[in-house]
Amino acid sequence: MDGLLLRSHESDDAQAEEALIEVSTRYAPSSTPCESTPPPTSTTTGAVDLSSESGLLTALRSQPTAEIVQQVLVIITSASPLFNIQRVVSAFTSQVVQCLISDIVPTFWPVLSVSEKQQLATCLHSPVGLGSIAARLKSLTMEIKGSNGTSIDARKAEVGNILSLLQMILGRPGVVLEMWSLIQELDPVKRSLLWKEYCALVAGSRLLGMAAEAEIALGRSMPGTNKLWVGYGKRWAIWLGKELAAATKGMQETDEAGRESLGSLLSAGFRLGYTDVLVELYTFAVVQDEKVHLLEKVLFPLLAHDKRTYFLSLLRIMAQQFTQVYNTDEDEWWKEDAPQVSGAGALLSSICQDYVFRSHLVEWITSSSGGGIGQPISIRRAAFLVITQDPFAFQEVFEKILNQFADKLWIRHTPIMRQEVLAQFLLLFAGYSHRRNLNLLKRLTRSSTFLNAVSNRLDASSQRARLLGMIVAESFSKLIDDEKNQISFGVAETNTKEAKWWKSIPAIDDSTGKIQDMLKKKSTRTIVLRHGAAPPASSTSPKTQQGDVPADEEDEDEDDDDEFTPYTNPEPDHYDPPTEDATTINRSAPQPPVYIRTLITYLHKTDSYDHQKLALIHSAPLIRRKLSNQSTMRELTSHLPELLTLLVGLHNNMDIPEFNECQLKAVVALVVADPVTTGRMLARWAFDGRSYSIGQRCNILTALGLGVRELAGMPTGLADPLDPAIEGARRLPERAHRLWSGENGKAFLNSDNADTPGKYLAPLSTDIKSALLLPITQKAVSKTKEGTVSSLLRESSSRRFSSRLSTALTDKSALDKKRDKSRKDFLSLIPSAFFLPLTGNFFICLRDTPHILSAARNDGSPGMASDMFLATLLRTLTLILHACGPYSPTLNSMTTEIWPVIKAARIHGGQTVTEAALVAVLLVLESLTEKGVEGRREIVERWGGEITELWSWIDAVMNDDTVSGEGDMKVLAAAVAVKVQEAVEGLQRLLMGVEDV
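In full-length UniProt numbering, the protein residues as written are 1 to 997.
Right, dumping it as structure tokens:
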């Protein structure tokens with residue numbers, strides 16, 4: 001260490017004495033380095049002692065040169081215990097870290113080499129270093145927000161340097177394991193304190209929050225617009241999951257304290273708001289190396305609520321790995337993804353060796369919001385494999401779900417989607433019992449519980465609930481009774497293709513396999529419509545006919561293009577000038593897509609304006625051309641999920657004209673092409689699509705509503721996508737066209753006429769409202785009795801419902817003539833594909849996450865408190881209910897499902913939501929009233945509680961002086977009151993023996 005002294009004391013005394021005699025401009029260093037202030041310009045001429053703590057601090061504080069900074073970094077990163085600032089927490093450590101962050105980083109970071117930056121990052125990878133970085137970012141961010149002038153640029157530059165430093169600290173592979181190896185030899189108390197601080201910084205959102213706020217202060221409000229990921233929550237969760245997996249696999253198996261520490265870090269990561277991302281990256285990274293036993297050692301010591309968070313997230317992630325739609329034409333359709341189910345069952349079986357995890361699985365199966373609602377049956381098959389391994393738990397769960405299936409209140413108030421899930425579990429239990437424990441199945445089938453279940457199901461008002469009861473009864477009877485004594489209800493509903501699929505569930509015979517089977521991707525993927533789908537084309541290629549578009553056969557060898565029949569050249573654009581300068585022609589411009597694969601390729605090119613515009617303009621016409629015959633339909637259905645995902649998630653980053661309308665036309669075309677698959681996918685994305693904004697969710701709901709109207713033969717308000725006058729016309733963008741052409745000048749500023757989802761749904765909802773109010777207003781005008789309700793309705797009739805509403809009835813007869821002949825198939829398809837998935841997903845999200853109607857959700861996705869979203873949801877449900885009509889066999893089911901949605905929406909929404917809710921209530925009452933005496937009795941008896949609560953709401957709306965909109969809501973409220981009075985008075989006359997007119 002003596003060699004580190006640059007000058008001896010003897011030479012210092014001689015130089016000091018010489019300085020007293022001769023005039024010199026040099027500073028006279030003292031014999032003790034700590035007693036005087038170092039020179040402000042250079043330290044090369046003074047004594048710099050780096051062998052002691054005080055000397056090292058003095059060197060850092062005295063404006064050191066790059067050489068001295070390099071020496072300091074070498075000393076700190078050495079193995080010397082004296083200067084190990086990563087492991088030792090002391091006043092000296094804090095001072096050194098503060099000097100490095102406040103003095104060294106702003107000055108030397110841009111000029112340091114990569115190796116020197118890595119040394120600095122290594123020095124600061126400690127709870128003290130990360131905490132100082134968070135504090136410095138907070139200080140600089142507040143200074144940037146509260147100051148003006150040229151100093152902001154310097155502060156922003158320093159913030160950028162610190163963010164780069166933070167990313168280099170955390171971006172080094174194995175940092176979590178490195179941190180644990182540094183502190184594992186410390187005293188248990190100190191180790192616990194340091195690790196808790198590290199968890200709070202790294203996984204407790206302290207560093208992430210400050211980094212995100214610093215990114216916003218720098219003007220980088222959009223995540224992913226730069227190379228830094230430390231301010232982006234999703235990328236932070238990805239990093240944390242990978243580092244946790246690396247630490248789990250790299251840690252010694254005998255290190256129990258280390259496993260518990262990793263568990264605490266994982267638990268803290270759940271608070272980041274990206275639980276699914278963290279769980280997916282961590283779990284699959286560990287199990288893919290066949291180290292599930294290491295995963296168990298980390299998960300089993302977790303707290304009970306952390307185990308529940310992890311387990312539910314894992315079930316959601318695993319459900320996304322399975323096939324969404326099966327080829328039901330095959331008898332053993334369930335073998336399509338049997339290996340993946342076996343692997344998932346093996347993973348769940350390993351985790352559920354812990355009693356807490358197993359209890360959470362039982363709760364997930366039997367709870368009113370569990371079972372994987374809206375998810376494929378594969379996830380339930382995987383969970384069922386775990387239950388079969390414990391005979392006592394098997395019998396307990398079997399009896400419990402049978403009791404639920406028989407409960408009258410449960411049948412009446414539980415969403416149909418949840419009842420379908422429970423029925424699938426019942427059929428799985430029945431099939432396994434038939435193969436393994438036939439006595440148990442016979443005992444339960446002949447018990448009073450099963451008989452009550454069938455009786456209560458047949459007595460249910462919901463047609464879907466009755467169908468599930470009949471399917472379960474016939475399936476159970478088929479398993480235990482001989483052919484002569486089997487139950488058969490003899491109705492057409494139990495002999496349909498869908499009912500046969502339900503009856504084939506007991507034949508599923510899965511077995512637990514290897515976890516690696518779940519991670520294998522299938523070589524090919526066949527996606528066929530589940531119910532009501534056209535059969536796939538034969539393997540032979542049909543002859544090309546005029547007007548038909550040949551399909552490209554999807555094989556594993558997709559590079560062989562010789563098998564495809566080329567398309568004819570597209571027709572020329574009649575709006576192009578007849579002669580065009582050859583020098584101005586862009587010969588490398590992309591051509592309109594004629595294959596679905598080409599369309600998908602164009603949609604993937606988000607940085608190309610020409611490809612995006614061509615894809616949007618031609619997507620809807622291309623999709624509809626593919627519906628012309630069965631061969632081209634196969635091409636569309638094989639790419640449908642990917643195409644739907646791309647279209648829904650598309651952003652207008654390039655200001656493409658008529659972007660929203662073209663996008664909406666394409667999604668509506670997909671809804672018409674495959675109602676079951678697209679309807680259920682879009683209904684799930686509207687509530688659970690965490691990467692979608694409120695506007696995109698509203699577009700999803702709008703597409704569902706317009707698609708149902710097109711399937712019903714009703715006008716949608718969208719222009720024909722095949723019309724060349726609209727597709728190829730040269731005109732100004734929509735906003736500029738409306739502004740300069742003078743069309744609808746006053747309505748231009750109206751939100752319903754703007755380029756929003758309300759532009760398409762609001763006029764249709766208004767037409768429905770007008771058609772519902774017209775007969776009520778005519779009846780009110782004919783009455784002479786004065787009253788608040790009658791006066792409101794007469795005033796509304798004289799003001800609004802004259803010429804425009806008189807055409808509604810004439811249009812109604814024309815619309816009825818356009819209905820498809822397959823009306824019965826339509827009425828059975830729409831509720832199960834659109835209405836019930838929408839209400840079911842809303843109900844489940846509302847129960848699982850009560851904060852769904854808040855401004856922001858805990859998982860980072862936007863909340864549903866927007867009036868635009870709630871109003872769009874109610875309008876969509878109203879359009880679907882109106883399209884089905886009052887004589888739909890599933891009217892009772894839809895009525896049961898829509899009441900909770902109306903109640904929740906009107907409580908949290910504003911005036912726009914209130915108006916949409918009133919229209920929905922009026923349509924429900926009108927549909928039930930048109931059923932005659934039965935409908936009126938149902939209004940009074942079945943919905944008596946809802947009607948009583950409705951009265952107070954109607955009274956509040958009618959007496960609210962702050963309601964705007966020319967009294968529209970008051971008129972609607974009065975109309976609802978009239979419909980309820982008519983139903984009550986009609987039922988009273990019937991009960992009193994008076995003829996009901």
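All residues carry an ideal CB built from backbone N, CA and C; glycine is no exception.
Note that the structure is a prediction, hence the values are computed from the model and not measured.
Using the C-alpha atoms, what's the distance from residue j back to residue i?
i, j, result
"T637", "T598", "15 Å"
"L749", "K759", "Summary for L749: the model assigns pLDDT 35, below 50, so the residue's position carries little reliability, and this model does not support an answer."
"P641", "I76", "55 Å"
"F869", "S927", "25 Å"
"A686", "L701", "7 Å"
"K970", "L764", "20 Å"
"A983", "D306", "52 Å"
"S523", "E336", "With a pLDDT of only 35 at S523, under the threshold of 50, the placement of this residue in the model should not be trusted, and no figure is reported."
"F834", "M179", "51 Å"
"A257", "V298", "10 Å"
"T107", "E116", "14 Å"
"L315", "E363", "13 Å"
"V980", "E710", "32 Å"
"L682", "L348", "29 Å"
"K817", "V924", "In this prediction, K817 has a pLDDT of 45, which is less than 50 and means its spatial position is unreliable; nothing more can be read from the coordinates."
"A666", "G372", "29 Å"
"K400", "W410", "13 Å"
"D674", "S628", "13 Å"
"K626", "I600", "14 Å"
"S447", "Y432", "19 Å"
"L294", "D517", "19 Å"
"R942", "E949", "13 Å"
"S455", "T449", "10 Å"
"M654", "L73", "48 Å"
"Q663", "V672", "14 Å"
"G513", "T678", "32 Å"
Could you give the C-beta distance for residue i and residue j, rounded to a whole number, given that I count them as a contact under 8 Å?
i, j, result
"P837", "R680", "5 Å"
"L228", "L163", "5 Å"
"F357", "I351", "5 Å"
"A917", "I939", "No, A917 and I939 are not in contact; Cβ-Cβ is about 17 Å, not under 8 Å."
"R875", "G713", "19 Å between Cβ atoms; not a contact."
"E915", "L879", "Their Cβ separation, rounded to whole angstroms, is 15 Å, which puts E915 and L879 out of contact at 8 Å."
"A247", "L262", "6 Å"
"P415", "F843", "5 Å"
"L873", "M894", "L873 to M894, Cβ: 14 Å. No contact."
"D610", "P590", "5 Å"
Just to confirm, is the Cβ distance from residue i to residue j under 8 Å?
i, j, result
"I694", "L643", "no"
"G231", "Y274", "no"
"K196", "K249", "no"
"L616", "F659", "yes"
"F425", "R380", "yes"
"Y282", "G241", "yes"
"T912", "A871", "yes"
"S475", "K503", "yes"
"L140", "L124", "no"
"S619", "L647", "yes"
"V96", "L60", "yes"
"S378", "R418", "no"
"T896", "S462", "yes"
Check whether the Cβ of residue i lies closer than 8 Å to any Cβ atom in chain D.
i, result
"L56", "No chain D appears in this structure, which consists of one protein chain only."
Are the stretch 476-486 and the stretch 435-443 touching, with three or more C-beta to C-beta distances below 8 Å? In short, these stretches touch, since the Cβ pair count reaches three.
Which full runs of the alpha helix (DSSP H) of 4+ residues lie inside the stretch 873-955, going along the chain? Qualifying alpha helix (DSSP H) stretches, in chain order: 891-908, 911-929 and 933-937.
Mind the definition here: the stretch 126-134 touches the stretch 203-222 only if three or more C-beta pairs lie below 8 Å; say whether that holds. Short answer: they touch.
Given 8 Å as the limit, is there contact between the stretch 338-348 and the stretch 314-322, that is, 3 or more CB pairs closer than that? Below 8 Å, enough C-beta pairs join the stretch 338-348 and the stretch 314-322 to call them touching: three or more.
I'd like the ranges of any beta strand (DSSP E) spanning at least 3 consecutive residues and lying wholly in the stretch 651-693. If one requires a minimum length of 3 residues, no beta strand (DSSP E) run lies completely within the stretch 651-693.
Along the chain, which unbroken stretches of the alpha helix (DSSP H) at least 4 residues long are found entirely within the stretch 228-277? Taking only runs of at least 4 residues, the alpha helix (DSSP H) segments lying wholly in the stretch 228-277 are 233-250 and 256-269.
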